[in-house]
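Participant: Chains as they are written, first to last, in this note's numbering: chain E, 1 to 770; chain H, 1 to 473.
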Amino acid sequence: MKNIDSRTHVRGESVYLDDIPVIQGTLFGAAFGSPVAHGLIKNLNLAAAEAMPGVVRILTYKDVTGENQIGGIIPDEPLLAEHHVDYCGMPVAFVIAETDDEARAAVKRITIDIEPLLVITDPREAQAVGQLIVPPRTFRLGDSATAWTACDYIVEGTADTNGQEHLYIETQGAYAIPQENNGIKLYSSTQGPTAVQRAVSKSSGLPMHQIDVDVTRLGGGFGGKEDQANMWAALCALAAHILNKPIKYSLHRMEDMAMTGKRHPYSSDFKLGLDKDLKMVAYEVTFYQNAGAAADLSPAVMERTLFHCTNTYFIPNVTATAYSCRTHLPPNTAFRGFGGPQGMFVIEAAIAKAAEELGVHASVIQEKNLQQTGDEFPFGQKAQSEAHACWHKTDELYAVSEIRQKIASFNSVNQLYKKGMALMPICFGISFTNTRMNQARALVHVYTDGSVGVSTGAVEMGQGVNTKMLQVAAHIFSIDSKRVKIQSTSTYRIANTSPSAASATADLNGKAVEIACIEIMRRLKAVAAEELNVDVTSVSLKDEWVYVNGQQTDWDWNRLLIAAYAQRVSLSEHAHYATPDIHYDKSLEKGHPFAYHVYGTAIVEVTVDCLRGTYEIDAVKVVHDFGSSMNPLIDRGQIEGGIVQGIGWMTMEEVVFDKAGRLRSNALSTYKVPDIYSVPKEITIEPLQTETENLALFRSKAVGEPPLMYGIGAYFALRNAVLAFNPSATIPFDAPMTPEKVLLALYHVNPAQTSSYAQTQTANDLAVNP
Amino acid sequence: MITFILNNKEVSTSMPPGTPVLDFVRYNQYLTGTKIGCREGDCGACTVLVGDLSTNELRYRTATSCLMPLGNAHGKHIVTIEGLNMADLNPIQQAMADESATQCGFCTPGFVVSMAGFCLSKKSPTPQNAIAAVDGNICRCTGYKSIERAATRVAYLLENRHDQNPVQFAASHAILPAYFATIQARLQSLSSTPNGELANEVPTAQRVGGGTDLYVQKHDEIKDASIRFLADNTDLKGIRQQGDQCVIGSATTVTDLIESPLIQQYFPDFKQYTTLVSSTPIRNMATIGGNFINASPIGDFTIFFLALDAELTFREGDSVREIPLRNLYLGYKTLDKHPEEQLEQIRFSLPNKQARFNFEKVSKRTHLDIASVNSAIAITVENDVITHVRLSAGGIAPIPKQLINTAEFLTRKHLTEALILDAIAVAQTESAPISDARGTEAYKRLLLGQLIKAHFIKLFPELKVEQLLTLKV
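Right, dumping it as structure tokens:
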């Protein structure tokens, strides 16, 4: 089934936040962000801005009617800065004016005197001075300290990954409309309507039942709107509450890029020990997460890094420690993979380093150490592993050794171009690692005309969750899918929702829809049994007809509904689902946090232009563990999109901050995401169809995040191509592998001497409309 | 008053002519299918079609409406996604839907409009050309493979078009709404409407060509500015041969150059070079004069024409001044140009049969990106001796630069691998790159040398590549 929004999407008729018709009298907001990354506010001068045409009011922290606080996990993030600023772009004031242009013109007239304080942008520096968001955590399996003696080979090193800008094409925004008796109707481009509702409630002082957050769809989220939609919604709601006027703020791209957090950069130390059979014996790893200036979701992201620190391998002795380091960058946040990719990059780097030192292909080490069913993860869960199945099917289908030979013969006759390849097996846990978030509710109404309305906590952002919800309802009721409508996501209809995140949205909300529909069906069958005077166990519904003992009757869906209504039987149901079996004990760092894992293996092939340092991704060939896909079209789209986003993170996407904490890659002209020419020439996806019972919706495993990590293979394939040209190249494990890093590695230019910090002249040139 | 046809309706507006078309269609006409992604022409979510009669036949090109002032829409047909809708999905939309080429949907209208632009162009209907038509559209969800599949299907829609007029073909085959067949006649009667307001004679008026740089750099100020529009000034258009020279009007767009038979004849690889330069809608809008006057140290066409040693003609009232392009740049974004001077013409000597030419560019993303370093060379070698050479490079100094010392060093010498390596060393002495978001100094120096090697490897296949690919820098 195609995405149910396809028709309105291709006609430009789908409604996003900025497309909602504006109510008369609406005012427009714009935030003034700190121009300095760290300092004490000495004076905030609003007079010139207040005198600008159209300006209605400028709000500061003094105007906050509730608590000046929007922090989700930890209350460490003010809505508007009070006496100090912690990052460039931190909102200090919120201008309300009659038009969008007037609000922005006034923002430019605000001046601020700040006494600068020391700016830290490097997580290791922050850790060294004790600037941690939460205490460090350590996952342990076996005893790595004593295991080194059992190792024949030991490699050590560091591995760094840069951040990643979400670059949802629809920027952040909110539109708050005051209702009678202090209520607020709030349109927000958020993955977490309840998170927005809580932040608005806290900062405005209004109870949650006064705040209806309503979301039709997002123009992309990728984690960037999981927690970071709260700020804009809370500012608009506060202004609406104070002024009793509708307030809208749709961020400009540069505001969005400068003021919101990104994927966490990590710097990590690793030590890996192997025995003479290349079995991994011991692994120690320390992660320094660059959390930015406030917690946001960083502690949870850090936790998932630890959960995925051994990727899909079994290592009997592991010590993994992670520090969430407070720096003066915008608070970094969720991004597809949620810390998992950062952890997986490090183990792959350790394997690559061992392979390079031992003169074997990394894939030899990878294959020998793939996890078996029953193997224990460092956090105690026993694997139900498809790792071998995916790896071997990959080899069987795509013939790894043939690819290797082809590449070798290409490389032997080509001087200007070299090819490289890498295998990237993945294993990704599905569930929110915070166990209590693994719950969802659905509200299903069946109307007497035969149409069905479904509300859930799921937010549609392109991942196709609404289509899957619709499939569930149509399937359980056995009715034409045209009869089902998925309603907008509203906190008035579904309360206390978890954000659409962690790849688990379809599972959680879909199971709730399933439960609700089954309950309504139970009642409908009872009505049919009574009307037809048969035993209820003999009744079934198929393709909108009532069957008794497999024989079609003359009762159809509509007739049955009218009869049920006449009998005063409820045609509505509000159902609740909580993932069974999962638990986690943080004091022991042991438990069973994931409903299941998703596995897969990818081959990534690249060609490097050894003259120019540029490269192309030739192919990505995947075997992916779908379980049993309930929507192959949507799932394929998720995999293709995830792969390309992962490759972008590993290759061209480079978030550049200067030493003063100012974002230099602050626009699409300086921050490059893949375009249609930079994607793999070929992406082949073969399903691993498994029959094992799992907790996925219709046994169709979650597919949102896992494929992003196939992209990590691009980094290692590029590395191998560079080594084919220059076998003695020293290439630090430092993603992304930009054309710059490729060229420097090809020609032995010491990367340590280079620095990516911008000088003023071109920096100003690049920072258009700062 | 600015008047044009918006989709199937004639509209007139007295909004400031500097207003971006994007804001007009979204917030004045409430056509919200045109999306805002970046407001700097880099994402393509706001792509519209611009139909005009300047070549005496109705010709459509895509434009990013965020960078297009209303003044440049006057007398034209502007088409948004709404103007492509029919009762059922049009076949482009159907292909996008069938291939699941839309996920969050926010970029989708831009892709559909770009593909419609392809269907209205005379480009041969190959899948490659259909994909090239969306080179200015960014999608963050799909990974593009489904969009490639949809584009391939769109190309097949035009299989039987052959020499038929693209607009008539699209309208009569229900690829696009039937009203497209009426536009030529409607524009003809519209263009007879005089438009006094656009002939702005205020001396201090901001000159705007395609707007592709100004609307990025001065987004907020320019909306209400007094503007003199140059893009449709026929005196500033055209590409023609005068003796052994080529004369180009300053308002000539990049697409005009690509489509020029004269340019194609003398620079057979021109189209290839230009795939590295911005994107289809930006090439449709951006003018060559704008590229020079913008004075970016890495302007692609500045570098291109520096290697051709182009001459510029400026006019101020009745007085005319000629100046070589290489002397235009005094310092970072500082020009030898009076504020009221108007760049009229670009002239250069057409290369003779012995001359060889090449353009190189490397950026973080190969396409639709600003160069880290770019370079061009025009070189003549007779009997293994370099008789004439001009070399230019961008991204290595505060100004786009002709590498005069390097060229002098090369001239009258035997072309050997060793000479090229020595020339690179000379080139380093006349470069002073700085570290910025496009690369570190060390990288730009290395890259400059590599691009000089690339020129020679491409133009002189007999050279021994292994002697140039030395690992020592």
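All residues carry an ideal CB built from backbone N, CA and C; glycine is no exception.
Mind pulling the chain E residues with CB within less than 7 Å of H/Y215?
Facilitator: Locating residue 215 of chain H in the second sequence gives position 215, counting from the first residue. Residues of chain E passing the Cβ test: none, with the nearest at roughly 10 Å.
Participant: Measure the beta-carbon distance from H/D336 to H/L343 and round it to whole angstroms, keeping in mind my assumption that it falls under 8 Å.
Facilitator: For the purposes of this step, residue 336 of chain H is identified with residue 336 of the second sequence, where counting begins at 1. For the purposes of this step, residue 343 of chain H is identified with residue 343 of the second sequence, where counting begins at 1. That belief does not hold up - the Cβ atoms of H/D336 and H/L343 are roughly 12 Å apart, past 8 Å.
Participant: Report, in whole angstroms, the separation of the C-beta atoms of E/V318 and E/H264, which I expect to be a contact under 8 Å.
Facilitator: As a working note, residue 318 of chain E is residue 318 in the first sequence. As a working note, residue 264 of chain E is residue 264 in the first sequence. Contact doesn't hold; Cβ gap of about 21 Å is too wide.
Participant: Return the bridge partner residues of E/I184 from the DSSP annotation.
Facilitator: Taking the first sequence and counting its residues from 1, the one referred to as residue 184 of chain E is at position 184. E/P178, E/I211.
Participant: Taking a Cβ distance cut-off of 9 Å, strictly less, list which residues of the region 24 to 45 of chain H are near chain E, in chain order.
Facilitator: R26, Y27, Y30, L31, T32, G33, T34, K35, I36, G37, C38, R39, E40, G41, D42, C43, A45
Participant: May I ask you to report which of helix, strand or coil DSSP gives E/G420?
Facilitator: If you number the first sequence from 1, residue 420 of chain E lands on position 420. Here E/G420 sits in strand by DSSP.
Participant: Within 7 Å: the Cβ of H/V426 and any heavy atom of the ligand ZN?
Facilitator: Summarising the ligand content, the structure contains no ligands, and the ligand ZN is consequently not present.
Participant: Should the region 411 to 420 of chain E be called in touch with the region 600 to 620 of chain E, which here means at least 3 C-beta pairs below 8 Å?
Facilitator: yes
Participant: Determine, for E/E226, whether the minimum Cβ-Cβ distance to residues of chain H falls below 8 Å.
Facilitator: As a position in the first sequence, residue 226 of chain E is number 226, starting the count at 1. So no, E/E226 is outside the interface.
Participant: Closest to E/P116 by C-alpha separation, out of E/A128, E/P35, E/S204, would be which residue?
Facilitator: As a working mapping, residue 116 of chain E is identified with position 116 in the first sequence. Per the Cα distances, E/P35.
Participant: Find out if the Cβ-Cβ distance for the pair E/C236, E/Q289 is shorter than 8 Å.
Facilitator: As a working mapping, residue 236 of chain E is identified with position 236 in the first sequence. As a working mapping, residue 289 of chain E is identified with position 289 in the first sequence. No, Cβ-Cβ distance for E/C236 and E/Q289 is not below 8 Å.
Participant: Jot down the residue ranges of each uninterrupted alpha helix (DSSP H) in the region 292 to 380 of chain E, minimum 4 residues, whole runs only, in chain order.
Facilitator: 298 to 307, 340 to 358, 362 to 368
Participant: When you compare the CB of H/A393 with every CB in chain E, is at least one pair closer than 8 Å?
Facilitator: Numbered from 1 along the second sequence, position 393 holds the residue referred to as residue 393 of chain H. Output row for H/A393: interface = no.
Participant: Quick check on E/G292 - is its C-beta less than 8 Å from some C-beta in chain H?
Facilitator: By one-based count along the first sequence, residue 292 of chain E stands at place 292. Answer no: the Cβ-Cβ gap between E/G292 and chain H never drops below 8 Å.
Participant: Measure from the C-beta of E/Y677 to each C-beta in chain H and report whether the shortest distance is under 8 Å.
Facilitator: Counting from one through the first sequence, the residue named residue 677 of chain E turns up at place 677. So, interface residue.
Participant: What's the gap between the Cα of E/E386 and the Cα of E/I114?
Facilitator: Counted from its first residue, the first sequence places residue 386 of chain E at position 386. Counted from its first residue, the first sequence places residue 114 of chain E at position 114. Cα atoms of E/E386 and E/I114: separation of roughly 56 Å, rounded to the nearest angstrom.
Participant: Would H/V473 pass as an interface residue toward chain E - the criterion being a Cβ-Cβ separation below 8 Å?
Facilitator: As a first step, residue 473 of chain H is located in the second sequence; it is residue number 473 there, counting from the start. Note that H/V473 scores a pLDDT of 45, beneath 50, so its modelled location is shaky and nothing firm can be said.
Participant: What are the uninterrupted segments assigned as alpha helix (DSSP H) that are 4 or more residues long and contained completely in the region 62 to 103 of chain H, given in chain order?
Facilitator: 91 to 98
Participant: Let me see if you follow: with CB-CB separation under 8 Å, is H/E341 close to chain E or not?
Facilitator: Numbered from its first residue, the second sequence carries residue 341 of chain H at position 341. So, not an interface residue.
Participant: Give me the subset of the region 130 to 156 of chain H whose CB atoms are less than 8 Å from a CB atom of chain E, sorted by chain position.
Facilitator: Here the close residues are I131, V134, D135, N137, I138, C139, R140, C141, T142, G143, Y144, K145, S146, I147, E148.
Participant: Less than 7 Å between C-beta atoms, sequence neighbours within five positions excluded: which residues of the same chain meet that for H/A170?
Facilitator: Translated into the one-based positions of the second sequence, residue 170 of chain H becomes position 170. Counting only Cβ-Cβ distances below 7 Å, and skipping sequence neighbours, we find C119, L120, L176, F180.
Participant: For a quick check, are the C-beta atoms of E/Q127 and E/V459 less than 8 Å apart?
Facilitator: Your numbering for residue 127 of chain E matches position 127 in the first sequence. Your numbering for residue 459 of chain E matches position 459 in the first sequence. Going by C-beta atoms, E/Q127 is not nearer than 8 Å to E/V459.
Participant: Using a Cβ-Cβ cut-off of less than 8 Å, list which residues of the region 427 to 454 of chain H approach chain E; keep chain order.
Facilitator: Residues I434, S435, D436, A437, R438, G439, T440, E441, A442, Y443, L446, L447, Q450, L451, K453, A454.
Participant: What does E/R104 reach in chain H if we use C-beta pairs closer than 9 Å?
Facilitator: Here residue 104 of chain E corresponds to residue number 104 of the first sequence, with the count starting at 1. What E/R104 touches in chain H: D220.
Participant: Please tell me whether E/V604 has its Cβ less than 8 Å away from any Cβ of chain A.
Facilitator: The displayed structure is made up of protein chains E and H, and chain A is not among them.
Participant: Around the Cβ of H/Q319, are there at least 16 other Cβ atoms within 10 angstroms (buried) or fewer (exposed)?
Facilitator: On the second sequence, residue 319 of chain H is found 319 positions in, with the first residue counted as 1. The residue asked about is misnamed: residue 319 of chain H is Ser in this sequence, not Gln. Exposed is the call here.
Participant: E/V472 to H/Q103, Cα distance in whole Å?
Facilitator: Position 472 of the first sequence, counted from the start, is the residue given in the question as residue 472 of chain E. Position 103 of the second sequence, counted from the start, is the residue given in the question as residue 103 of chain H. Near 19 Å, if we compare the C-alpha coordinates of H/Q103 and E/V472.
Participant: Looking only at DSSP bridge pairs, what is H/L330 linked to?
Facilitator: Counting from 1 along the second sequence, the entry for residue 330 of chain H is found at position 330. Within the DSSP bridge table, the entry for H/L330 names no partner.
Participant: For the alpha helix (DSSP H) that H/Q217 lies in, which residues bound it at each end?
Facilitator: Looking up residue 217 of chain H in the second sequence gives position 217. Per DSSP, H/Q217 belongs to the alpha helix (DSSP H) from 214 to 217.
Participant: So, E/D581 versus H/L368, is the Cβ gap smaller than 8 Å?
Facilitator: Reading the first sequence from its first residue, position 581 is the one you call residue 581 of chain E. Reading the second sequence from its first residue, position 368 is the one you call residue 368 of chain H. Result no, Cβ atoms of E/D581 and H/L368 do not sit closer than 8 Å.
Participant: Report yes or no: do three or more beta-carbon pairs, one from the region 215 to 235 of chain H and one from the region 262 to 279 of chain H, lie closer than 8 Å?
Facilitator: no
Participant: With a threshold of 7 Å on Cβ separation, who are the neighbours of E/D18 within its own chain once the five nearest residues in sequence on each side are excluded?
Facilitator: Position 18 of the first sequence holds residue 18 of chain E. If we look at E/D18 and ignore the five residues flanking it on each side, its Cβ neighbours are G173, S250.
Participant: Relative to the alpha-carbon of H/N160, which residue among H/G143, H/T182, H/S124 has its alpha-carbon at the smallest distance?
Facilitator: Along the second sequence, read from residue 1 onward, the residue named residue 160 of chain H stands at position 160. Per the Cα distances, H/S124.
Participant: In chain H, what lies closer than 7 Å to E/D5 by C-beta?
Facilitator: Along the first sequence, read from residue 1 onward, the residue named residue 5 of chain E stands at position 5. Ordered by position in chain H, the residues that pass the 7 Å Cβ test against E/D5 are G105.
Participant: List the residues that DSSP assigns as beta-bridge partners of H/A393.
Facilitator: Taking the first residue of the second sequence as position 1, residue 393 of chain H is located at position 393. Note: H/A393 sits in a beta bridge opposite H/S375, H/K401.
Participant: Measure the alpha-carbon distance for E/G854 versus H/Q93 and round it to whole angstroms.
Facilitator: Beyond the ends of chain E as shown, which are 1 and 770, falls residue 854 of chain E; an answer cannot be given.
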